[in-house]
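Asker: Starting off with a structure, shown below.
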Amino acid sequence: MSNPKKSILVAGGAGFIGSHLCDALLTQGHRVLCLDSFITGSEANIAHLREHSGFSVLQHDVIEALPGGLIVDEIYNLACAASPAHYQSEPVHTLKTSVYGAANLLELARRTGARILQASTSEVYGDPEVHPQPETYWGHVNPTGPRACYDEGKRAAETLFFDYHRRWHLSIRVARIFNTYGPRMQPDDGRVVSNFISQALLGAPLTIYGDGRQTRSLCYVDDLVHGLMTLMDTPGRAILCNLGNPREERVVDLARKVLDLTGSHSPVEYRPLPVDDPRRRRPVIERARRLSWRPRIDLDEGLTATIDYFRYALRNIKADASQRMGTGPIRELAPI
Ligand code: UDP
């Protein structure tokens, strides 16, 4: 059989990328066990899957030993807060999530013979001195700064993956994920795309940190999920690969684009640049291209879909808030 149905564990499956991955794996007919602590993952992201016969959920923090008796064919490890605001709010927990979480899942892979994929990050390159960033670049990370709990945690997790591969011949994949955006980002997670879209739709000033000339390369979530599945399905014992969209955008240009696409008249407001904020970031994706993957959704198309989602999500948030305040039902709220 060319596509045998598998049992697949998605750690962090109720998160932004994880929930889209669960959708795609279920569409292919696999059984999916979503494991999530629900610290930054949300029930709403997977509510539509609750009745699906191939889908189950286990509330568990990967820092703790996994329950016995789990048998799986594949493991995707996406369990970690990923927005700078969230991962810096509980830095010790962030570091433990990356390191202990990877160790616990690698042990499960060793016991069951499962193939395992680590969601790593472009943050392993830090504030890069090589541009754009190929997988062969070792990075430029401040090990004691406020981003280190995430950057160094993800770097240590990569080390664990490669040591398990060398020591126990595990079949591993490490995907270095560059900035990703799309529906199910949390409106308040503090990232640039979610902030700008929420601010534009609510008529609030768009907050540009620094002078806005720093760059990021933004990949739409469907492309990214397709990339993760491509990596998992590619034969080989150890694969390290960047996944991202190489189109590079200045933050200030992104703000203009969001204003344009939302039709918003929000002003922009300049704020101090966060400590250790990388100045530029763009993936070299030649390795991924050789696996026949490339991003297909352009920024305008992806942002339009994301804006549509935020119109809906923000309306629900406003409705919840208004109901909590006892000021009436959804239909009484002004459309965004
Ligand atoms: N940023 C910004 N305004 C915001 C949020 C972020 O100018 O409201 C900037 C941030 O300083 C960084 C870039 O946008 O240079 C991307 O930030 P994000 O938090 O999305 O992710 P990062 O790539 O830094 O992990």
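Numbering (my numbering), first residue to last: 65 to 400. For glycine and all other residues, C-beta sits at the position ideal for the given N, C-alpha and C. Just so you know, these numbers come straight off a predicted model, no measurement behind them.
Answer with buried or exposed for P218, where buried requires no fewer than 16 other C-beta atoms within 10 angstroms of its C-beta.
Answerer: Checking the sequence shown, residue 218 turns out to be Lys, not Pro. It counts as buried.
Asker: Please name the residue or residues paired with L270 in a DSSP beta bridge.
Answerer: Answer is V332, bridged to L270.
Asker: Pick out the complete beta strand (DSSP E) segments inside the region 186-259, 3 residues or longer, and give them in chain order.
Answerer: Whole beta strand (DSSP E) segments, 3+ residues: 236-241.
Asker: With a threshold of 16 other CB atoms inside 10 Å of the CB of N168, please say whether the residue is buried or exposed.
Answerer: So N168 counts as buried.
Asker: CB-CB under 6 Å to I400, same chain, minus the five flanking residues each way: which ones, in chain order?
Answerer: Reliability of the predicted coordinates at I400 is poor, the pLDDT of 29 falling under 50, and the value obtained from them is presented with this limitation in mind. Result list for I400: L265, R375, L378, R379, in chain order.
Asker: Excluding five sequence neighbours on each side, which residues of the same chain lie with their C-beta closer than 6 Å to the C-beta of R314?
Answerer: Result list for R314: R277, T279, in chain order.
Asker: Less than 7 Å separating the Cβ of I28 from some heavy atom of the ligand UDP?
Answerer: The chain is shown from 65 up to 400; residue 28 falls before or after that span and cannot be answered.
Asker: Can you tell me whether G177 is buried or exposed? The criterion is at least 16 other CB atoms within 10 Å of its CB, across all chains shown.
Answerer: That one is exposed.
Asker: How big is the Cα-Cα spacing for E199 and S356?
Answerer: So the two alpha carbons sit approximately 17 Å from each other.
Asker: From E187 to D215, what distance separates their C-alpha atoms?
Answerer: Cα to Cα, E187 sits roughly 5 Å from D215.
Asker: Just the Cα atoms here: how many angstroms apart are L181 and T294?
Answerer: Between L181 and T294, the C-alpha separation is close to 11 Å.
Asker: Taking a contact to mean a Cβ-Cβ separation below 8 Å, would you say P342 touches G190 in this structure?
Answerer: For P342 and G190, yes; Cβs fall inside 8 Å.
Asker: Per DSSP, R179 is paired with what?
Answerer: Answer is E138.
Asker: Less than 8 Å separating the beta-carbons of N306 and R351?
Answerer: For N306 and R351, yes; Cβs fall inside 8 Å.
Asker: Is it buried or exposed for V126, if we count other Cβ within 10 angstroms and need 16 for buried?
Answerer: Result: buried.
Asker: Looking only at C-alpha atoms, which of A108, T368, S71 sits nearest to Q92?
Answerer: Out of A108, T368, S71, S71 has the C-alpha closest to the C-alpha of Q92.
Asker: According to DSSP, simplified to helix, strand and coil, what is K86?
Answerer: Sequence inspection shows Cys at residue 86; the Lys mentioned does not correspond to that position. Helix.
Asker: For a test of the three-state rule: what should DSSP assign to V339, helix, strand or coil?
Answerer: In this structure, V339 counts as coil in the three-state DSSP scheme.
Asker: Rounded to the nearest angstrom, how far is the Cβ of L337 from that of G274, given a contact under 8 Å?
Answerer: L337 to G274, Cβ: 3 Å. Contact.
Asker: Is it buried or exposed, L270, if we count other Cβ atoms within 10 angstroms and call 16 or more buried?
Answerer: Per the 10 Å Cβ criterion, buried.
Asker: Smallest Cα separation from S281: which of P247, D317, N141?
Answerer: The shortest Cα separation from S281 among P247, D317, N141 belongs to D317.
Asker: List the DSSP bridge partners of Y284.
Answerer: Paired residue(s): Y245.
Asker: Work out the CA separation of C144 and Y151 for me, nearest whole Å.
Answerer: Roughly 8 Å between the two C-alpha positions.
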